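Q: Here it is: the structure, laid out below.
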Amino acid sequence: MQKITYMGMGIMGRGMAANLLKAGYPLTVWNRTAARCQPLVDQGATQATTVADAVADADVIMYCLSDDAAMEELVFGEWGLLEAVHAGQTVIDMTTVLRDASLKEAAAFAKKGVRFLDAPVFGSKNEAANGGLWIVVGGERALYDEMKPILDVLSETTHYMGASGQGSAMKLVGNLVVASQLEALGEAMILATKAGLDPEDVLGVLHVTDFKSPIFDGVGAALIDRDFSTYFALKLMLKDANLISQFAQDLNSPIPALAVIRENIKAGVNKGWGEENASAFIKNLEEEAGVEVKRNA
Numbered sequence: 399m400q401k402i403t404y405m406g407m408g409i410m411g412r413g414m415a416a417n418l419l420k421a422g423y424p425l426t427v428w429n430r431t432a433a434r435c436q437p438l439v440d441q442g443a444t445q446a447t448t449v450a451d452a453v454a455d456a457d458v459i460m461y462c463l464s465d466d467a468a469m470e471e472l473v474f475g476e477w478g479l480l481e482a483v484h485a486g487q488t489v490i491d492m493t494t495v496l497r498d499a500s501l502k503e504a505a506a507f508a509k510k511g512v513r514f515l516d517a518p519v520f521g522s523k524n525e526a527a528n529g530g531l532w533i534v535v536g537g538e539r540a541l542y543d544e545m546k547p548i549l550d551v552l553s554e555t556t557h558y559m560g561a562s563g564q565g566s567a568m569k570l571v572g573n574l575v576v577a578s579q580l581e582a583l584g585e586a587m588i589l590a591t592k593a594g595l596d597p598e599d600v601l602g603v604l605h606v607t608d609f610k611s612p613i614f615d616g617v618g619a620a621l622i623d624r625d626f627s628t629y630f631a632l633k634l635m636l637k638d639a640n641l642i643s644q645f646a647q648d649l650n651s652p653i654p655a656l657a658v659i660r661e662n663i664k665a666g667v668n669k670g671w672g673e674e675n676a677s678a679f680i681k682n683l684e685e686e687a688g689v690e691v692k693r694n695a
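Here it is in structure tokens:
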């Protein structure tokens, strides 16, 4: 089996790396904060102390990082991934970044004879842990086909979107939909509360109608329980909203709803909820509405 190196042991990276181990792939892990690798080492992974050591014998190098800046630091900056890789290897970036960032990576790796896919993921903590992500991929079709068995270990479905950068483009398109759904759910639940409707009854309707959504089901129940446990942090949702805004600006594509949503997300982060789940920005709407919601008994 191919030797895989996985870098970035955040919530998503740990889950994906663990599934690669379960599938039997020889796995080396690396993280800037070395202690975060320990759970994977306990499961059988090899820990590398430097990026150069981590990738030296790897066939496939994968990483999922927090943002563009972290990717730049790993690939082009002090951690030196670009200098460490060599011809014949494959790099798969699963970070949510701008399309231009993915194109920059692809061009730089190609100069070294290294193949590259941008393969960001939809899903959060549970999907990463259970191998149930949805992966959107940009790059050469033949390379996607070759890497698909590895990606299948991590996902419910994978989707080839086109040339380099198109996976990243699709991720931002999808995240626009996610942000819009969270905003719509928050507004609707607050309106229902002010109208005197039972939130459980409201969710019962949302669960069966032609506009039903897993996001409405999961986040709706968490709202009733006042559970903002972190599956995808609000601060990262703000990062994604900023990326979507920049991406749309570059393409001169109108996204008027996101301007309002982004301000709500920003307000939530500024109120100290950045480490909570992305749905926490709905609390800002509740405050604006003068609605005090208590935990479900």
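Per the numbering used here: the sequence shown = residues 399 to 695. Each residue gets a CB set at the ideal place from its N, CA and C atoms; glycine is no exception. For clarity, every value in this text was computed on a predicted model and none was experimentally measured.
1) Taking residue 559 as part of the alpha helix (DSSP H), name the residues at either end of that continuous run.
2) Taking Cβ positions, are residue 533 and residue 508 nearer each other than 8 Å?
3) Could you give the residue range of the alpha helix (DSSP H) that holds residue 589?
4) Leaving out five residues before and five after residue 686 in sequence, what residues of the same chain have Cβ atoms less than 7 Å from its Cβ?
5) Let's see if you can read the secondary structure: which residues bound the beta strand (DSSP E) around residue 402?
6) Using only the alpha-carbon positions, how far apart do residue 655 and residue 581 sit?
7) Among the residues of its own chain, which have a CB less than 7 Å from the CB of residue 627, if the five just before and after it don't count?
8) What is the DSSP secondary structure of residue 474, reduced to helix, strand or coil?
9) Give me, in chain order, the residues of the same chain whose beta-carbon lies closer than 6 Å to that of residue 527; leave out the 5 immediate sequence neighbours on both sides.
10) Taking the alpha-carbon positions, what's the residue 554 to residue 404 distance?
11) Would you tell me roughly how many angstroms separate the C-alpha atoms of residue 625 and residue 494, rounded to the nearest one?
12) Where do the ends of the alpha helix (DSSP H) carrying residue 412 lie?
13) Can residue 659 and residue 639 be called in contact, C-beta distance under 8 Å?
14) Ends of the beta strand (DSSP E) at residue 513?
A: The structure says:
1) Note, residue 559: premise wrong, no alpha helix (DSSP H); beta strand (DSSP E) at 553-560.
2) no
3) 564-592
4) none
5) 402-405
6) 10 Å
7) 675
8) coil
9) 413
10) 20 Å
11) 25 Å
12) 409-420
13) yes
14) 513-516
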